[in-house]
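**Q** The sequence shown: position 361 = 361 (full-length UniProt numbering), numbered continuously.
For each residue, glycine too, the CB sits at the ideal point set by N, CA and C.
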Amino acid sequence: MARSEDYKLGDFAFPRGWFMIADAAELGRAPLALRFFGKDFALYRGESGRLVLLDAHCSHMGAHLAASASASIAVHGEQIEGDSIRCPYHGWRYAPDGRADHIPDYDGPCPKAAKLRSYDVREVMGAIMMWHDPEDGAPDVDPPALPEWDRPDWINGAYDHLGTLNVHPQEILDNMADSNHLGPTHGSPCEYFENQFAGPLYYQRQGGFRREYDAYLMTYTWYTGPGLLLSRQSIGDVRGIEFIFHTPVDDGVTKVWHNNLLRSPGDAPDEALKAAARRMQDEVLSAFQQDFDIWANKKPAIRILGLPTERNFALGRIWYRQFYNPRDQAESFWKQVDGRHVPTHKQRPPDIAMDLEADAHGAAS
Ligand code: FES
Ligand SMILES: [Fe+2]
């Protein structure tokens with residue numbers, strides 16, 4: 001397992017950005033115990049519906065706020081009061097800003113040190129996302145939010161929880177520049193391929209004949225920051241949007257979710273169409289599974305033995321380093337990579353129109 005410092009990514013072990021941390025569908029009345037960025041968190045929804053994410057370990061004696069399901073107040077659903085949460089050990093109560101605001105059987109004021117860190121958290125497209133910043137700064141971008149998620153003529157998938165890989169996210173990001181794996185791994189060698197970098201955004205456009213579909217596949221894929229990939233895809237008249245969201249758990253360990261939206265040919269999708277959408281999601285997922293199997297079994301590519309036609313790997317790695325270094329250095333990485341980069345053997349044929357470009361692509365651009 002390789003770590004951020006092995007890839008020489010920068011000053012920080014974990015990157016800055018918005019990251020998926022939970023599927024909104026899995027958060028019920030009980031708080032969720034989460035681990036990301038080498039730390040433990042407690043996530044819960046207050047009675048008002050407000051989402052709260054706190055450091056997990058109580059400032060009294062270190063109990064985990066969300067991982068003691070057998071404690072009496074957890075069993076009886078009494079941990080959440082209003083938008084606050086009580087520790088399952090001695091019942092200290094924390095407000096959404098992380099300050100302790102009530103201690104049972106104690107008349108004095110809550111100690112000032114009884115405070116947990118509270119994090120910026122949002123619900124976007126059925127995903128709960130947190131802002132992670134090693135410098136503790138406020139978000140400078142919004143997470144992407146596609147209008148299709150709320151449109152009646154698009155069918156939303158449920159998130160597939162793909163679990164945790166002992167793979168550094170650098171190896172997953174490398175996929176964006178990887179024109180030459182599309183044939184051997186996915187059975188759809190690309191006819192054209194290009195990457196583009198624009199500040200915190202990283203694009204890939206490619207197309208080619210896909211053997212499994214017996215049709216021409218075009219994809220327009222982009223990362224908004226280091227952990228959120230969206231991909232518009234067309235095969236004939238079929239239009240879909242693939243989601244691949246991944247978040248560091250520990251240094252060199254990554255959790256991955258997958259989703260897919262499908263455009264409905266009519267206004268209101270019926271049950272048969274929803275079933276067809278699920279089948280489509282499984283097909284898209286099986287293509288992703290092809291990458292997943294490679295990652296799960298590969299040795300880390302600390303250095304890539306890159307061919308002259310594979311320059312984009314190096315550019316993608318430079319782009320990725322902006323998130324592992326102080327924010328005021330980000331521009332120095334943009335200057336090195338911003339613009340379009342087309343491998344010489346993958347120029348776009350003039351008769352292929354990039355109609356996927358015409359669609360808006362989320363809030364962060
Ligand atoms: S450890 Fe949380 S209240 Fe004592
Ligand atoms: Fe791939």
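Cα separation between residue 226 and residue 323?
**A** 7 Å
**Q** Please determine, among 24, 25, 43, 75, the residue with the shortest C-alpha to C-alpha distance to residue 32.
**A** 43
**Q** Could you check whether residue 48 and residue 83 sit closer than 7 Å to each other, using their CB atoms as the reference points?
**A** yes
**Q** Taking its Cβ as the centre, do 16 or more other Cβ atoms sit within 10 Å of residue 344, making it buried, or is it exposed?
**A** exposed
**Q** Is the region 75-90 touching the region 107-123 in the sense that three or more CB pairs, one from each, lie closer than 8 Å?
**A** No: the two stretches stay apart, fewer than three of their Cβ pairs being nearer than 8 Å.
**Q** Following the continuous beta strand (DSSP E) through residue 231, name the residue where it begins and the one where it ends.
**A** 228-235
**Q** Tell me the DSSP secondary structure of residue 275 in three-state form.
**A** Helix, per DSSP.
**Q** Pull up the distance between the alpha-carbon of residue 209 and that of residue 216, whole angstroms please.
**A** 4 Å
**Q** Would you identify the three-state DSSP class for residue 37, choosing helix, strand or coil?
**A** coil
**Q** Reducing DSSP to helix, strand and coil, say where residue 362 ends up.
**A** Only weak support is given to the placement of residue 362: the predicted model assigns it a pLDDT of 45, under 50, and the question is left unresolved by the model.
**Q** Does the count of Cβ pairs from the region 223-243 and the region 27-41 closer than 8 Å reach three?
**A** no
**Q** By DSSP's criteria, residue 204 is part of a beta bridge. Which residues make up the other side?
**A** 195, 221
**Q** Quick check: what's the CA-CA separation for residue 291 versus residue 12?
**A** 27 Å
**Q** Spatial neighbours of residue 9 within its chain, please: CB distance less than 6 Å, with the 5 preceding and 5 following residues excluded, ordered by chain position.
**A** Taken in chain order, the residues that qualify are 321, 324.
**Q** Three or more C-beta pairs closer than 8 Å, one from the region 130-150 and one from the region 12-24: is that the case here?
**A** yes
**Q** Is residue 175 near ligand 2, in the sense that its beta carbon is under 6 Å from a heavy atom of that ligand?
**A** yes
**Q** For residue 361, count the other beta carbons within 10 Å of its own beta carbon; 16 or more makes it buried, fewer makes it exposed. Which is it?
**A** Here the model assigns residue 361 a pLDDT of 46, short of 50, so the residue's position is not dependable, and the following value carries that caveat. Under this definition residue 361 is a buried residue.
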